[in-house]
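Here you go:
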């Protein structure tokens, strides 16, 4: 059965044979294994059009550069240090056009379709995009020039492309997928985004058409790529999407643009292992779909991002971790020295997050926004090797202070935020070289004191010291009972202080963590305000734990929770100095490794839930009390992802009066916002290739048969084939047509080293001026255009009425 979209068999074969002759000199037939699909008759192409370029041509783009209503092609040619601008002609010249392509006598003649124009460049082009970057209405070109430059070439009204601006960008990986353009602040103008190794650089275009100082987003990973801009969540605003690679696992991430035109924190979506992800409006509804090529199954899938309650269908949406990056990451040991504190830094009544950056000599402040949630962080200069940060009102005046310890500079410092800036720390007078600090209420009066552990000037042992506010608000030394300082009996070097109430007597105690895999020393608060070391003997001991395994908070009462491999325990100190187990929270899964624990109210009902951080199976295990015995039983799980867990904090970070869970990892932290569920992915369609040898690497999408629906072309670069997939909402993705672009054996031994991964770039755009999208490929050293055939010549005649 045929209709207006029926292909002309002769034209199709002519197109395929001409392509094979041009590329290989050896004809072959387009094949459909296991018999032709009945949908194949609705797809057809006119004879292929060929344009000779260079083997190093790359970054194929389609854009109407000269605004004549015809789509042009743009490519980078690094072998000749130029950009090739293939301007589409409106009609075939009356006389033979001058050979403006570099042609040899034995080469196939170029088609008349494009006029070859050349734009010289003085840097190798690694990534190329097009857009109006100065607001004059004319499309411009922007590219990454090696080693580390963003170059914008502005299109002139007439003449040469001589006007340009260059930005040097530190620490970038200049590859395709590191540069993208789109409207990322909602002002209707094209912005530029460059993915760096540690930070993402966003060049926002102002209303007057200027690209100013970039806005820096601190990355959560050192390996970002495959950047895409599109409306992912269907709110009409463009979002920034990209892939990250951590622990040899690729994740698909997005920063969603909010109503104020700002990009939010990183949201990671649960995708199976995949080779490629593209954004394309497949179904014609709000929001673009993800076209995913799975690496393990080789399937092509269509996925749609939906809100947590979209359509009211599907299973209950899982909670999701929202990630915030620190930017530049140090070595693994340096990352372990970072400290994180929560508290109101700017005096607005909302809880903020502070992160120390020992290697960068700075402190990063993530302020809570009035609309809820944290901003993306601002770094302020600080002391070198800042390992500890605390937030609290230690001087009795309005507003909290930030207390820091720099081990390298042997300084205990204090600072405060004023006029939106965190001041540089001012040194406090201490005895010895401070190593760590904690804010502890030693006297029961309003406001904490600063307790620090230091190495005395004598160089022998370690001591606890304290600073407290005086009558005039000045901080001065405070004694511990009759002692000015208290010796700390440790074998290693003190690393961290944690305030606890170990014996539940209402007085603060201290755990002094040390290196050399030694258990923390316990200092018990005395009735006279002193501190006394307690050494446990017999019974259960803490063992060699790190601060990330410890949680201090409230269940029914003040509690100390400790994570220990297959379980976590609620502990209290006995009179003999040992530890008594109040409760234990077990996990039976063989691969489980409980690295952290926390307690908070997750279900808005009386009583708190237990969260176990399981780094073995990469899950947050949530447990709540059930039954008459009030045993904690498994309740829910949340994906931990690739976060390398170190420690956690509990605080209300979105202003809803409920505590949220903050998990600290290497180079980033993640927040589980209590009671909130993020967007989810819904599968719309799936296609498994008919050929067992097929290995899809990427896809492109467009209406390739004029039926008003978007089709998908899956690219098999290993076998050099194209598979056309028809899509309909009712039937999903269905195989329509499969053909080979060229025969690999014809290129063995040829210049360039064989067939390689070809076609290396493919797009769908109307480059023939007939309002029908065409299939355009970059193969070896030439561009191939498969013009879409309307099928008019094969239109069947209607039978006469009897």
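In this note's numbering, the protein residues as written are 1 to 802. Where is the CB? At the ideal position from N, CA and C, for every residue including glycine.
Between residue 531 and residue 498, the CB-CB gap reaches or exceeds 8 Å.
Within its own chain, the residues whose Cβ lies closer than 6 Å to the Cβ of residue 667, once the five positions on either side in sequence are excluded, are 326, 329, listed in chain order. Rounded to whole angstroms, residue 529 and residue 224 show a C-alpha spacing of 53 Å. The beta carbons of residue 653 and residue 422 sit about 18 Å from each other, so the pair does not count as a contact at 8 Å. Looking at 152, 161, 157, the one whose alpha-carbon comes closest to that of residue 167 is 152. Secondary structure note for residue 333: its alpha helix (DSSP H) is the uninterrupted segment 332-336. Every beta strand (DSSP E) of 3 residues or more that sits fully in the stretch 474-526 is shown, in chain order, as 475-477, 486-488, 494-500, 509-514, 521-525.
Unbroken beta strand (DSSP E) stretches of 3 residues or longer found wholly inside the stretch 671-748: 680-687, 698-702, 711-716, 721-728, 732-740, given in chain order. Using a Cβ distance threshold of 8 Å, residue 302 and residue 684 count as a contacting pair.
Counting C-beta pairs closer than 8 Å gives fewer than three between the stretch 159-177 and the stretch 248-263, which falls short of the contact rule.
By the neighbour-count criterion, in which 16 or more other beta carbons inside 10 Å mark a residue as buried, residue 480 falls on the buried side. Between residue 493 and residue 514, the beta carbon gap of about 6 Å places them in contact (Cβ cut-off 8 Å). For residue 184, no beta strand (DSSP E) encloses it, and the DSSP letter there is neither H nor E. A Cβ-Cβ separation of about 11 Å leaves residue 568 out of contact with residue 560 under the 8 Å criterion.
Residue 195 is not a Cβ neighbour of residue 222, given a cutoff of 8 Å.
At least 8 Å separates the beta-carbon of residue 611 from that of residue 563. Counting C-beta atoms within 10 angstroms of its own C-beta, residue 670 has 16 or more neighbours from the protein chains shown and is therefore classed as buried.
Take the alpha-carbon of residue 709 and the one of residue 700: they are about 14 Å apart. Measuring C-alpha to C-alpha distances from residue 624 to each of 608, 306, 638 identifies 608 as the nearest.
CA-CA distance, residue 364 to residue 238, rounds to 27 Å.
Residue state for residue 585 is assigned as strand, using DSSP reduced to three classes. Excluding the 5 residues flanking it on each side, residue 496 has same chain C-beta neighbours closer than 6 Å at 436, 513, 547, in chain order.
In this structure, DSSP gives residue 40 a helical state, which the three-state scheme calls helix. Exclusion of the five residues before and after residue 246 leaves 221, 223, 642 as the residues of its chain whose Cβ lies within less than 8 Å of its Cβ.
DSSP places residue 265 within a strand segment (E or B) once states are collapsed to three.
Sorting 278, 321, 126, 403 by C-alpha distance to the C-alpha of residue 618 places 321 at the top. Residue 119 and residue 161 have their C-alpha atoms roughly 7 Å apart.
Taking 8 Å as the cut-off, the Cβ atoms of residue 477 and residue 465 count as close. Going by DSSP, residue 434 is part of the beta strand (DSSP E) stretching over 433-440. The Cβ-Cβ distance between residue 352 and residue 368 falls below 8 Å. Checking the DSSP bridge columns, you'll see residue 301 partnered with 292, 686. Sequence-distant Cβ neighbours of residue 400 in its own chain, meaning closer than 8 Å and more than five residues away, are 343, 344, 345, 347, 391, 392, 393, 416. Assignment of residue 120 by DSSP, reduced to helix, strand and coil, places it in the strand class. The stretch 201-212 and the stretch 185-192 touch, with no fewer than 3 CB-CB distances between them shorter than 8 Å. Contact annotation: residue 130 and residue 89 have beta-carbon atoms that are not nearer than 8 Å. If you ignore the 5 residues before and after residue 112, its C-beta comes within less than 8 Å of the C-beta of 89, 92, 93, 97, all in its own chain and listed in chain order.
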